[in-house]
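Only one structure is covered here, and it is reproduced in the block below.
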Amino acid sequence: MIELRSLRKEYDDLVAVYDLNLKVPEGEIYGLIGPNGAGKTTTIRMACGLLAPTLGQALVAGTDVNREPEVAQQNIGYLSDFFGVYEDLKVWEYLDYFAHAYKLPEGDIPRRVEEVIAQVGLEVKRESLIAGLSRGMKQRLGIGRAIIHRPKVLLLDEPASGLDPKSRLELRKLLLGLCEQGATILISSHILTELEGLCTSIGIMERGHLVCSGRIEEVTAAEYSTNLMKLGWTGAAQEAAHKVLEGSPRVSDILLAEGGGTFRFGGSEDQLAELLVSLIAGGVRVSSFAEVRHTVEDIYMKVSTHEVM
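Using this note's numbering, you'd call the opening residue of the sequence shown number 34 and step up by one each time.
Following this line, the structure appears as structure tokens:
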């Protein structure tokens, strides 16, 4: 649904984005991660046609955004990091204005405006002036503007920037709902926790380069050869647990204390099940036995060199 081919952007002697290649399949929520100055905003602006690349192509739903901008914009909903609003308009008037700007059929506009107001949770603010909205509500309104024309693709640049924790949770719920309805979403952020549990795929950018990219489970498998396991038990079983774990050639980095601990395991699911059987047979009264999932932050910290422009 989104395809960037050898995309490059130069500003005199500065290369902001280096020959970036990226494909985002339909239905994905793709998180573009990196520090400020990594090239995320430049990439998104090229992807939506607001910035012409020095070299390369950006395609959305199969359409080149620079060669056929009007066709491409029908499939794109874009929200910039800092976006302006017409503060003297009411919420419904703002959405009505953009529905007309996107040339929706005149007879469909009133119904569509009400649908979007409900979708972004602004029913109680329908008649309110935008000037009186909180930052979180303005962010919802901005997303409402971006989806008013039912685009197939959403390009969101730091959408949670400046939001309080409650507003971020509400934004997450809204984006997951849009994805369930068929939208493909590319979201940039330098706040890693806001992408946890939201993205299906991630890409890490540094100094204009895409360092790694793929579905989270694929990136995790590529970067971690072993799984981190957490073990818990009842009673005095530390010595017995350590003996069993130390006797397995697939176990490493054993770290145990009273009542439990962690270790790394490099084997199949069947072999992991056999290890659990061995622990129980060895006298360990196991109360918990589970893989510790790597977070987006874990992956970033392992892959990133933490360099900025």
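C-beta atoms are modelled at their ideal positions from N, C-alpha and C, and glycine is treated no differently. Being a predicted model, the structure only gives us computed values, none of them experimental.
Query raised in the report: Within 10 angstroms of its Cβ, does T217 collect 16 or more other Cβ (buried), or is it exposed?
Result: T217 should be labelled buried.
Report task. Per DSSP, which residues does F298 bridge with? Please list them. Result -> Answer by DSSP bridge pairing, in chain order: N260 and V284.
Query raised in the report: Helix, strand or coil: which one does DSSP assign to H275?
Result: Three-state DSSP puts H275 in a helix.
**Report entry** Start and end residues, beta strand (DSSP E) containing L128
**Finding:** Careful: L128 lies outside any beta strand (DSSP E), inside the alpha helix (DSSP H) at V124 to A134.
Query raised in the report: For the beta strand (DSSP E) that contains Q90, what are its first and last residues?
Result: Counted as a single uninterrupted DSSP element, the beta strand (DSSP E) harbouring Q90 occupies residues L88 to V93.
**Report entry** Of the residues A105, Y44, D97 and L55, the one placed nearest S234, counting alpha carbons only
**Finding:** Among A105, Y44, D97 and L55, the Cα nearest to that of S234 belongs to L55.
Query raised in the report: When the Cα atoms are used, what is the spatial distance from L228 to S221?
Result: Distance from the CA of L228 to the CA of S221, rounded to the nearest whole angstrom, comes to 9 Å.
Query raised in the report: Under the three-state reduction of DSSP, which class applies to S311: helix, strand or coil?
Result: S311: helix per DSSP, three-state reduction.
Requested in this report: Identify whether S39 lies in helix, strand or coil by the three-state DSSP scheme.
Outcome: S39 carries a strand assignment under DSSP once its states are collapsed to helix, strand and coil.
Query raised in the report: From T87 to L207, what distance separates their C-alpha atoms?
Result: Looking at the backbone, the Cα of T87 and that of L207 are separated by about 35 Å.
Query raised in the report: Between the C-alpha atoms of L155 and D114, what's the straight-line distance to the nearest angstrom?
Result: Their backbone Cα atoms lie some 21 Å apart in a straight line.
Report task. Could you tell me which of E36, I77 and A49 sits nearest to P58, measuring between CA atoms? Result -> Of E36, I77 and A49, the smallest CA-CA separation from P58 is found for E36.
Query raised in the report: What span of residues does the alpha helix (DSSP H) with C245 cover, start to end?
Result: From DSSP, C245 is part of no alpha helix (DSSP H) but of the beta strand (DSSP E) over H242 to R248.
Query raised in the report: Helix, strand or coil for M34 per DSSP?
Result: Note: M34 maps to coil in three-state DSSP.
**Report entry** Coarse secondary structure for A80, derived from DSSP in three states
**Finding:** Secondary structure at A80: helix, using DSSP grouped into helix, strand and coil.
Query raised in the report: If you draw a straight line from the alpha carbon of L376 to that of L231, how long is it in whole angstroms?
Result: As shown, the chain starts at 34 and ends at 342. That puts residue 376 outside it, with no answer to give.
Query raised in the report: Comparing alpha-carbon positions, which option in A193, A134 and R183 lies nearest G215?
Result: Cα-wise, what sits closest to G215 is R183.
Requested in this report: Assuming I180 and K171 form a contact by the criterion Cβ under 8 Å, report the distance between their Cβ atoms to the nearest whole angstrom.
Outcome: Actually they do not touch by this definition, with Cβ atoms about 15 Å apart.
Query raised in the report: When the Cα of I66 is compared with those of L83, M34, A134 and G241, which residue comes out closest?
Result: Looking from the CA of I66, the closest CA among L83, M34, A134 and G241 belongs to G241.
Query - Spatial distance of Q90 from A132 (CA atoms) - result: If I take the Cα positions, the gap works out to 28 Å.
Query raised in the report: Excluding the five sequence neighbours on either side, which residues of its own chain have a C-beta within less than 7 Å of the C-beta of L78, listed in chain order?
Result: A small fix is needed here, since residue 78 is Arg in this sequence, not Leu. In chain order, L84 place their CB closer than 7 Å to the CB of R78, counting only its own chain and leaving out the 5 sequence neighbours on each side.
Query - Collapsed DSSP secondary structure at L120 in the structure displayed - result: Looking at the sequence shown, residue 120 is not Leu but Glu. Of the three classes helix, strand and coil, the one that applies to E120 here is coil, per DSSP.
**Report entry** For L189 and A269, the rounded distance between their alpha carbons
**Finding:** The straight-line gap from Cα to Cα measures roughly 52 Å.
Query raised in the report: On the premise that S161 lies in contact with K123, defined as a C-beta separation below 8 Å, what is that separation, rounded to the nearest angstrom?
Result: Their Cβ separation, rounded to whole angstroms, is 6 Å, which keeps K123 and S161 in contact under 8 Å.
Query raised in the report: Any idea if M342 is buried or exposed, counting beta-carbon neighbours within 10 angstroms, 16 or more meaning buried?
Result: Residue placement at M342 is poorly supported in this model, since its pLDDT is 49, which falls under 50; the coordinates still yield a value, given next. The residue in question, M342, is exposed, as its Cβ has fewer than 16 Cβ neighbours within 10 Å.
**Report entry** 8 Å Cβ cutoff met for L288 and F298
**Finding:** Going by beta carbons, L288 and F298 fall outside the 8 Å limit.
**Report entry** Q304 beta carbon less than 8 Å from that of E291
**Finding:** One thing to note: E291 has its Cβ no nearer than 8 Å to the Cβ of Q304.
Query raised in the report: When the Cα atoms are used, what is the spatial distance from E213 to L308?
Result: Rounded to whole angstroms, the separation of the alpha carbons of L308 and E213 is 39 Å.
Report task. For M342, name the three-state secondary structure that DSSP assigns. Result -> Here the model assigns M342 a pLDDT of 49, short of 50, so the residue's position is not dependable, and the following value carries that caveat. The three-state secondary structure of M342, taken from DSSP, is coil.
Query raised in the report: Since V277 contacts G315 with CB under 8 Å, what's their CB separation in whole angstroms?
Result: About 4 Å separates the two Cβ atoms, so the contact holds.
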